[in-house]
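Presented below is the structure to which this report refers.
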Amino acid sequence: MIALMMALGSSLAYGCADFLGGLGARKAHVLRTVMIAAPASLVVELLLWPVLGASFSGATLAWGAASGIASAAAFALLYRTLAIGPMNVLSPVTALVSAALPVSVGLLQGEHLSAAGLVGLPLALVAVILVSAGHGTGSARPTRTALMLAFGAGAAIALQLVFLHQAPSDSGVAPLIVGRAVSSAVTLAAAGVLYRRLGPERPSYAMSAAAGVLDSVANLLFLLAARDGDLAVVAVLVALYPAGTILLARAMLAERVHRGQLLGLGTAAVAVSLLALTT
Numbered sequence: 012m013i014a015l016m017m018a019l020g021s022s023l024a025y026g027c028a029d030f031l032g033g034l035g036a037r038k039a040h041v042l043r044t045v046m047i048a049a050p051a052s053l054v055v056e057l058l059l060w061p062v063l064g065a066s067f068s069g070a071t072l073a074w075g076a077a078s079g080i081a082s083a084a085a086f087a088l089l090y091r092t093l094a095i096g097p098m099n100v101l102s103p104v105t106a107l108v109s110a111a112l113p114v115s116v117g118l119l120q121g122e123h124l125s126a127a128g129l130v131g132l133p134l135a136l137v138a139v140i141l142v143s144a145g146h147g148t149g150s151a152r153p154t155r156t157a158l159m160l161a162f163g164a165g166a167a168i169a170l171q172l173v174f175l176h177q178a179p180s181d182s183g184v185a186p187l188i189v190g191r192a193v194s195s196a197v198t199l200a201a202a203g204v205l206y207r208r209l210g211p212e213r214p215s216y217a218m219s220a221a222a223g224v225l226d227s228v229a230n231l232l233f234l235l236a237a238r239d240g241d242l243a244v245v246a247v248l249v250a251l252y253p254a255g256t257i258l259l260a261r262a263m264l265a266e267r268v269h270r271g272q273l274l275g276l277g278t279a280a281v282a283v284s285l286l287a288l289t290t
């Protein structure tokens, strides 16, 4: 049950971070947003070091660095995806892609589910699909480029989660620190190379920093949940994060929430209840 609650907390934090990051990226080049968000995340993780501890073994450094590279790609692709919009379509597409790989890895590594879990896990995936289904009349249709970016962002997020899960369970927050340091370095290097293309526009510093802080919190909760529970269950619960993004987009941007998406939210609640029985 603790793992389930941390997974849901991670999902909520990811959803809020994506909304703020996508909104901030609408005002400037996406790299300018990531340049603020990634270091802000690193500061949070460094502050957690004395509290939760960290062990920097060779395996931790390797898996942490791999997650950092994937995280840098995820940051840029996801915020660019959400900046193009519409958020209420692209965010669930990204979530569905990001769930498939970690769930598959968890099951292939020998994780076993109870009867309730065998129903709840696919039902949760169905919930993500329903949330992303049908944009209806009057809603903006995503372009092919936006959809490709959404799939790429989902794959990068999936790899980040899988790599974090592979780090030694006694490494504390070390995988997060290494990963964020690498992702920050990659982001700053890319910004230096592309500096002339970034344009003069500045992103919302507050939104970008808040997105980075929330992303760090989400990563921490995922890591703790995956260490305490099954990766397959944790990953699919985390993939429900578009619910937060969609509701924020509805409240602040007046983006439409359709019946299929509302059905998806209800289905997600049922799936979470079933998965709770597996803990």
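Numbering of the sequence shown is given in the working numbering, commencing with residue 12 and proceeding in unit increments. Beta carbons are placed, not taken as given, at the ideal position from N, Cα and C, and that holds for glycine.
DSSP-derived helix/strand/coil call for residue i
i: Ala196; result: helix
i: Ser115; result: helix
i: Ala65; result: strand
i: Gly121; result: coil
i: Gly190; result: helix
i: Gly210; result: coil
i: Gly203; result: helix
i: Val32; result: The question names Val, yet the displayed sequence has Gly at residue 32. Correct three-state label for Gly32: helix.
i: Gly240; result: coil
i: Gly147; result: Legend: pLDDT at Gly147 = 48, less than 50; position of this residue unreliable, no value from coordinates given.
Extent of the continuous alpha helix (DSSP H) run through residue i
i: Phe11; result: Look at the range of the chain in this structure, 12 to 290, and you will see that residue 11 is not part of it.
i: Arg270; result: Arg270 to Ala287
i: Pro253; result: Pro253 to Leu264
i: Ser215; result: Neither: Ser215 is in no alpha helix (DSSP H) and is coded neither H nor E.
i: Ala39; result: First-last for Ala39: undefined, no H or E at that position.
Whole-angstrom distance between residue j and residue i, CA atom to CA atom
i: Gly240; j: Asp181; result: 15 angstroms
i: Leu88; j: Leu112; result: 18 angstroms
i: Leu248; j: Ala135; result: 7 angstroms
i: Met159; j: Ala77; result: 22 angstroms
i: Glu212; j: His40; result: 7 angstroms
i: Ser109; j: Gly203; result: 29 angstroms
i: Leu187; j: Met16; result: 20 angstroms
i: Gln171; j: Gly79; result: 7 angstroms
i: Gln177; j: Phe67; result: 14 angstroms
i: Gly255; j: Ser21; result: 11 angstroms
i: Ala51; j: Leu63; result: 18 angstroms
i: Leu132; j: Ala262; result: 29 angstroms
i: Ala221; j: Thr154; result: 28 angstroms
i: Ser287; j: Leu205; result: Inspection of the sequence shows that residue 287 is occupied by Ala rather than by Ser. Whole-angstrom Cα-Cα distance: 47 angstroms.
i: Leu231; j: Leu58; result: 12 angstroms
i: Pro214; j: Arg208; result: 15 angstroms
i: Gly210; j: Ala48; result: 18 angstroms
i: Ala260; j: Pro253; result: 10 angstroms
Residue from the options with nearest C-alpha to residue i
i: Ala229; options: Met12, Ala70 and Leu19; result: Leu19
i: Pro29; options: Ser115, Ala167 and Phe86; result: In the sequence as presented, Pro is not what sits at residue 29; that position holds Asp. For Asp29, the nearest C-alpha among the options comes from Phe86.
i: Leu124; options: Ala265, Ala84 and Ala243; result: Ala243
i: Ile13; options: Gln171, Ala83, Ile168 and Phe233; result: Phe233
i: Lys38; options: Tyr25, Ala94 and Ser52; result: Ala94
i: Glu56; options: Leu251, Gly223, His176 and Gly128; result: Gly223
i: Leu53; options: Arg208, Thr278, Ala196 and Met17; result: Ala196
i: Gly190; options: Ala24, Gly32, Ala65 and Ser21; result: Ala65
i: Val193; options: Gly69, Ala81 and Thr154; result: Ala81
i: Leu42; options: Ala84, Ser21, Trp74 and Leu59; result: Ala84
i: Leu285; options: Leu129, Ala178, Tyr25 and Gly35; result: Leu129
i: Ile257; options: Leu170, Leu31, Pro133 and Ala185; result: Leu31
i: Val173; options: Ser68, Val137, Ala246 and Thr154; result: Ala246
i: Arg238; options: Ser215, Pro214, Glu122 and Leu199; result: Glu122
i: Leu264; options: Ala250, Pro97 and Leu251; result: Pro97
Sequence-distant residues of the same chain with beta carbon closer than 8 angstroms to residue i, five excluded per side
i: Leu141; result: Gly271, Gln272, Leu274, Gly275 and Thr278
i: Phe162; result: Val104, Thr105 and Val108
Same chain, Cβ closer than 6 angstroms to residue i, neighbours up to 5 away in sequence not counted
i: Leu118; result: Ala243
i: Ala24; result: Leu225, Val228 and Ala229
i: Ala70; result: Pro179
i: Ala138; result: Gly275, Thr278, Ala279 and Ala282
i: Ala169; result: Ser109, Leu112 and Pro113
i: Cys27; result: Leu225 and Gly255
Cutoff 7 angstroms; reference residue i; Cβ partners in own chain excluding five residues on either side
i: Ala164; result: Ala85, Leu88, Leu89, Thr92 and Thr105
i: Gly145; result: Low per-residue confidence applies at Gly145: pLDDT is 47, beneath 50, and the placement is therefore not dependable, though the value from the model is reported in the following sentence. Taken in chain order, the residues that qualify are His269 and Gly271.
i: Ala167; result: Ala81, Ala84, Ala85 and Leu88
i: Met218; result: Leu31, Leu34 and Gly35
i: Leu72; result: Val189
i: Ala200; result: none
i: Ala236; result: Ala14, Met17, Ala18, Ser21 and Val245
i: Trp60; result: Val184 and Ile188
i: Val116; result: Val173 and Leu242
i: Val45; result: Phe86, Ala87, Tyr90 and Thr198
i: Ala157; result: Thr92, Ile95 and Leu101
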